[in-house]
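Contents: one structure, followed by commentary.
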Ligand SMILES: Cc1cc2nc3c(=O)[nH]c(=O)nc-3n(C[C@H](O)[C@H](O)[C@H](O)COP(=O)(O)OP(=O)(O)OC[C@H]3O[C@@H](n4cnc5c(N)ncnc54)[C@H](O)[C@@H]3O)c2cc1C
Ligand code: FES
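Written out as structure tokens, the structure reads:
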């Protein structure tokens, strides 16, 4: 195995904003210019003396790319949570944090689309970035359904009011307070947003809120390609310590243990890649059966996207067009995703002799 580590960036904290009693925003200056799309996240290293708390956490950017070169994340304390409380208690202006570059697929595809956004609690973070960006650079309408426990827990209340004042014909926030109206049900969500079922939908928040919103969207008939969601989970592994691109990742034992394939562990005879990382065909001796796809592509100098390298974030998602792969681990793709041929490159081993994949998102 090689000894490289995943390429990281340094973030210097230049400001800290108390958003609510349990949420803080951290404003960073990056050591090198970082390009990102609204809705993407940073993976931040969280120091730890023990394994218990893990040592990396993802935080969505609440800033929008058009605003400035500064990056902003917003962290809400989770009761008994390791990373969120470490960030809120220990990080001060002038400190430097280590991070992986922005990543993620929870981003808008077309600047002109009308958007129906659902945010619950800290799920507002990527959603605010998407809303600000769409209003500044797009032409569509933006409707935000924003659920919170109570008045005091509403993050970005004044920023949202300012946006509404600036774009009165294009932007509306529908606030929902659980202290007043209870937890929103599928029927209530449907009733509130039913006039916007032709919009592109983006959903982020606690698991039950997301489940209700996605069910409401299903029942309103939104097709799959117009529904997007981001799950906030904690990484189990530490991508900063994972061996980066090498030519010989020894996954052969793991692959043999869990594989249902009858294919012997030899190279894939025919392998084709298309989409935003390039259109390339490889020969039979290229993708070794014991090397995960992400490592293979990076070794070939293709800019395949990734973040956690542990099957937990979906940054490395691609689509299998022909043939099949075996995934070692998958914590993020659901049955619908898998049926659509979506897979995680950091966990994929070749399973058939001919494979064609696409990076079309
Ligand atoms: C793409 C992405 C974007 C995100 N963006 C944001 C964001 O913008 N803002 C934000 O605030 N968060 C965001 N998150 C969530 C964030 O990464 C963390 O998951 C969150 O801060 C909680 O981490 P923690 O370390 O504080 O909690 P953890 O220590 O991971 O604990 C989480 C919960 O699990 C419980 N728990 C922990 N260990 C155990 C155990 N062994 N047994 C039983 N229970 C246990 C804890 O009590 C706690 O309730 C995002 C996540 C992802 C994947
Ligand atoms: S890089 Fe996170 S799931 Fe593959």
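Numbering (the working numbering), first residue to last: 376 to 736. Beta carbons: idealized from backbone N, C-alpha and C, even for Gly.
Residue from the options with nearest C-alpha to residue i
i           : options               : result
residue 529 : 548, 512, 598 and 513 : 548
residue 516 : 527, 572 and 532      : 572
residue 398 : 439, 464 and 384      : 464
residue 473 : 520, 383, 709 and 647 : 383
residue 823 : 467, 460, 444 and 413 : The chain is shown only over 376 to 736; residue 823 falls outside these bounds and no answer can be derived.
residue 671 : 687, 648 and 457      : 648
residue 438 : 594, 701, 459 and 499 : 499
residue 679 : 696, 721 and 645      : 721
residue 646 : 413, 408 and 696      : 696
residue 531 : 497, 673, 554 and 684 : 497
residue 404 : 508, 611, 476 and 485 : 476
residue 683 : 478, 673, 726 and 484 : 478
residue 706 : 654, 606 and 662      : 606
residue 651 : 691, 388, 448 and 666 : 691
residue 419 : 518, 443 and 387      : 387
residue 407 : 385, 417 and 421      : 385
residue 702 : 508, 666 and 546      : 666
residue 518 : 593, 535 and 416      : 535
residue 396 : 460, 514, 561 and 570 : 460
residue 537 : 714, 507 and 561      : 507
residue 737 : 524, 533 and 490      : In the structure as shown, the chain begins at 376 and stops at 736. Residue 737 is therefore absent and cannot be evaluated.
residue 726 : 681, 669 and 662      : 662
residue 484 : 455, 441, 412 and 533 : 412
residue 441 : 566, 410 and 456      : 410
residue 658 : 729, 550, 713 and 471 : 729
One or two residues paired with residue i in a DSSP bridge
i           : result
residue 405 : 386
residue 434 : 417
residue 679 : According to DSSP, residue 679 bridges with nothing at all.
residue 604 : 578
residue 694 : 717 and 733
residue 448 : 401 and 436
residue 475 : 418
residue 702 : 723
residue 546 : 517
residue 395 : 398
residue 552 : 523
Distance CB(residue i)-CB(residue j) smaller than 8 Å
i           : j           : result
residue 481 : residue 577 : yes
residue 587 : residue 559 : yes
residue 719 : residue 708 : yes
residue 564 : residue 582 : no
residue 731 : residue 698 : yes
residue 585 : residue 603 : no
residue 656 : residue 694 : no
residue 580 : residue 504 : no
residue 402 : residue 436 : no
residue 453 : residue 462 : no
residue 543 : residue 431 : no
residue 687 : residue 568 : no
residue 522 : residue 495 : yes
residue 653 : residue 677 : yes
residue 493 : residue 520 : yes
residue 433 : residue 552 : no
residue 400 : residue 448 : yes
residue 612 : residue 685 : yes
residue 486 : residue 509 : yes
residue 601 : residue 711 : no
residue 502 : residue 458 : no
residue 668 : residue 681 : no
residue 594 : residue 555 : no
Quick check on the DSSP output: what are the complete alpha helix (DSSP H) runs of length 4 or more inside the segment 482–529, in order along the chain? 499–512
Can you list the residues near ligand 2, meaning Cβ strictly closer than 7 Å to any non-hydrogen atom, in the order they appear in the chain? 669, 681, 682, 683, 684, 685, 686, 687, 688, 689, 690, 691, 707, 719, 720, 721 and 722
Return the chain-ordered ranges of every beta strand (DSSP E) run that is complete within the segment 641–672 and spans a minimum of 3 residues. 645–650 and 655–657
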